[in-house]
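So the structure is just underneath, and the comments pick up after that.
Number of protein chains: 2
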Amino acid sequence: MSFETCFPIWDRLTPGQQDRIRSGLFSRTVPKGTVLHSGSMDCTGLFLVRSGQLRACILSEGGRQITIYRLFERDICLFSASCILRSIQFDVTIQAERDTALWVIPAETYQSVMAESAPLANYTNELMASRFSDVMWLLEQILWRSLDRRLASFLLEEAAIEGTAELKLTHETIANHLGTHREVITRMLRYFQNEGMVKLARGTVTIRNGAALRVLNE
Amino acid sequence: MSFETCFPIWDRLTPGQQDRIRSGLFSRTVPKGTVLHSGSMDCTGLFLVRSGQLRACILSEGGRQITIYRLFERDICLFSASCILRSIQFDVTIQAERDTALWVIPAETYQSVMAESAPLANYTNELMASRFSDVMWLLEQILWRSLDRRLASFLLEEAAIEGTAELKLTHETIANHLGTHREVITRMLRYFQNEGMVKLARGTVTIRNGAALRVLNE
């Protein structure tokens, strides 16, 4: 899998623009758990995920965190290069959730090509609109939906991503993802267990009745 | 004040692109309270505020609402033309908070110029990034900050916008803006009053100690 085939609008760039991106480009491989970018760090560049999985989250001063979106193979991470857009005034932390290989396009390279290329600027618009939609969805979840629905939604999504009903997740981890406290999650999970929807064991949540969770999530 | 002087990157468009925008453009004047755009309505076009004030908010099924940002003179409203970006998948309601005059650029006109103009596409990126930052700020307020800080922040902002310490606001209205319930706001406002920070009367909140509110907001 080459960079050229992964980068969505590659053939709409001029040969000169392609050369500039190619000459700036470098590869990086990081183990699971690596923090690739955080608010206090430099403007790293754009990431294109070759394999693995990243998550973008926001952190509170007290260390609480909430996942705002995830990035999979062929996804592009814009906010690791947030300096390219001076209007972006928020800090996102990017962490590898699996061993991950990625290409990095240096911020200044991307910015200089985008300044002259309508296709690249329009593509960047679409990327940002898509992440914006993720965040609006999250905001609506937090504002309007009750925790039981959010938790059901989270468990079903995790099961779909991991391809298993037996999820290796602590209550603390789930609480961090949903922006709440461990005690709140433990109480809700016990309710789910009492209803036969999940089975709890140390460090594991197993989905026993996905249909019931989906009903909750409707 | 002409459209050409208000539109930020007007002189970076080609004469042909300027002609297309000028010929599609129309003016609109709406009284305070008018809903200019909502999720279920058509893709109206981009608004450029000539005078007055708009607010963008999201609504729950139950009718609760929360303000996500405001638009003043010379601001451009992108999400009233959300169809121009296929990745935008959320509904925003745009309402006039004062009698408002605006220019409307039809969505298809803007889209066709943006497709070929790197300056316009880059400008649109900056607009979206700026709104994205507003929403991230809001999300962080909701997730991490306690209501007293959010309410103090809201009152100070209103006073700055209206240019007066005597705010014509019901508790219901404040609750809608902050995405919570009237009872919660009433309780917090009474706490503020007991602390000498505000004075409450029917339909009015008067700021008596802005410095104390600002301390709360730090």
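Line by line, the protein sequences are chains U and R.
Per this note's numbering, the first sequence starts with residue 882, numbered consecutively.
Per this note's numbering, the second sequence starts with residue 882, numbered consecutively.
Positions of the beta carbon are idealized from the N, C-alpha and C atoms, including for glycine.
Quick caveat, the model's predicted, so the values are computed rather than measured.
Boundaries (first-last residue) of the beta strand (DSSP E) holding residue i
| i | result |
| --- | --- |
| valine 916/U | 916-918 |
| alanine 1082/R | 1079-1082 |
| glutamine 934/R | Where glutamine 934/R is concerned, there is no enclosing beta strand (DSSP E), given that its DSSP letter is neither H nor E. |
| threonine 886/U | First-last for threonine 886/U: 884-887, but that is the alpha helix (DSSP H), not the beta strand (DSSP E). |
| arginine 951/R | 946-952 |
Exposure of residue i, with buried meaning 16 or more beta-carbon neighbours within 10 Å
| i | result |
| --- | --- |
| methionine 1009/R | buried |
| arginine 1012/U | buried |
| glycine 933/U | buried |
| serine 961/R | buried |
| threonine 1085/R | exposed |
| methionine 1069/U | buried |
| asparagine 1075/R | exposed |
| threonine 895/R | exposed |
| proline 1000/U | buried |
| methionine 1017/U | buried |
| serine 963/R | buried |
| phenylalanine 907/U | exposed |
| serine 998/U | buried |
| phenylalanine 888/U | buried |
| phenylalanine 1073/R | buried |
| glycine 1138/R | Outside the displayed span of chain R (882 to 1099) sits residue 1138/R, for which this structure offers no information. |
| valine 973/U | buried |
| alanine 1002/U | buried |
| arginine 1031/R | buried |
| alanine 841/R | Coverage of chain R is limited to positions 882 through 1099, which leaves residue 841/R absent and any answer about it impossible. |
Residues that residue i contacts on chain R, provided the C-beta gap is smaller than 8 Å
| i | result |
| --- | --- |
| asparagine 1003/U | Met995, Ala996 and Ala1002 |
| valine 1016/U | Phe1013, Val1016, Met1017 and Leu1020 |
| serine 904/U | Correct list: empty, because the minimum Cβ distance to chain R is about 21 Å. |
| glutamate 1007/U | Leu966, Arg967 and Ser968 |
Unbroken alpha helix (DSSP H) run spanning residue i, endpoints
| i | result |
| --- | --- |
| arginine 901/U | 896-905 |
Chain-ordered chain U contacts of residue i [CB-CB under 8 Å]
| i | result |
| --- | --- |
| isoleucine 1023/R | Leu1020, Ile1023 and Leu1024 |
| isoleucine 947/R | Leu1024 |
Chain B residues whose Cβ lies nearer than 8 Å to that of residue i
| i | result |
| --- | --- |
| glycine 1060/R | Reference to chain B is not applicable here, since the protein chains of this structure are U and R. |
Within chain R, the residues that residue i reaches when beta carbons sit closer than 7 Å
| i | result |
| --- | --- |
| alanine 1010/U | Leu966, Ser968, Ile969 and Met1009 |
| alanine 999/U | Ala996, Glu997, Ser998, Ala999 and Ala1002 |
Spatially closest choice to residue i from the options, by CA coordinates
| i | options | result |
| --- | --- | --- |
| isoleucine 939/U | Met1078/U, Leu927/U, Val916/U and Leu929/U | Val916/U |
| isoleucine 1042/R | Arg936/R, Arg1071/R, Leu894/R and Arg893/R | Arg936/R |
| glutamate 1039/R | Ile986/R, Ser998/R and Leu1094/R | Leu1094/R |
| isoleucine 957/R | Gln970/R, Leu929/R and Leu966/R | Leu929/R |
| valine 994/R | Ile1088/R, Lys913/R and Gly905/R | Gly905/R |
| threonine 910/R | Gly897/R, Arg931/R, Trp891/R and Gly926/R | Arg931/R |
| valine 1079/R | Asn1057/R, Leu1036/R, Ile890/R and Gln992/R | Leu1036/R |
| isoleucine 986/R | Ile902/R, Ser883/R, Leu966/R and Met882/R | Ile902/R |
| glutamate 989/U | Glu1021/U, Gly926/U and Gly1044/U | Gly926/U |
| glycine 1044/R | Glu1007/R, Ala996/R and Thr1087/R | Thr1087/R |
| tryptophan 891/U | Leu1059/U, Glu1099/U and Tyr1004/U | Tyr1004/U |
| glutamate 1064/U | Arg1089/U, Gln992/U and Leu1028/U | Leu1028/U |
| glutamate 1126/U | Thr981/U, Ile969/U, Thr948/U and Ile965/U | Nothing can be reported for residue 1126/U: it is not among the residues displayed for chain U, which extend from 882 to 1099. |
| alanine 1033/R | Ala1092/R, Glu978/R and Ser968/R | Ala1092/R |
| glutamine 970/R | His1052/U, Thr1051/U and Ser1014/U | Ser1014/U |
| alanine 1056/U | Thr1067/U, Ile975/U, Gln898/U and Leu1024/U | Thr1067/U |
| glutamate 1053/U | Leu1024/U, Gly1077/U, Arg1083/U and Glu1047/U | Arg1083/U |
Chain U residues whose Cβ lies nearer than 9 Å to that of residue i
| i | result |
| --- | --- |
| isoleucine 939/R | Met1017, Leu1020, Glu1021, Leu1024 and Trp1025 |
heavy atom of the ligand ZN below 6 Å from residue i C-beta
| i | result |
| --- | --- |
| leucine 952/R | No copy of the ligand ZN appears in this structure; indeed no ligand is present at all. |
**Request:** Can you check the stretch 961-1015 of chain U for any beta strand (DSSP E) of at least 3 residues that lies completely inside it and give the ranges in chain order?
**Result:** 974-977 and 981-986
**Request:** Give, in chain order, every unbroken run of the beta strand (DSSP E) that is at least 3 residues long and sits entirely within the stretch 1027-1093 of chain U.
**Result:** 1079-1082 and 1085-1088
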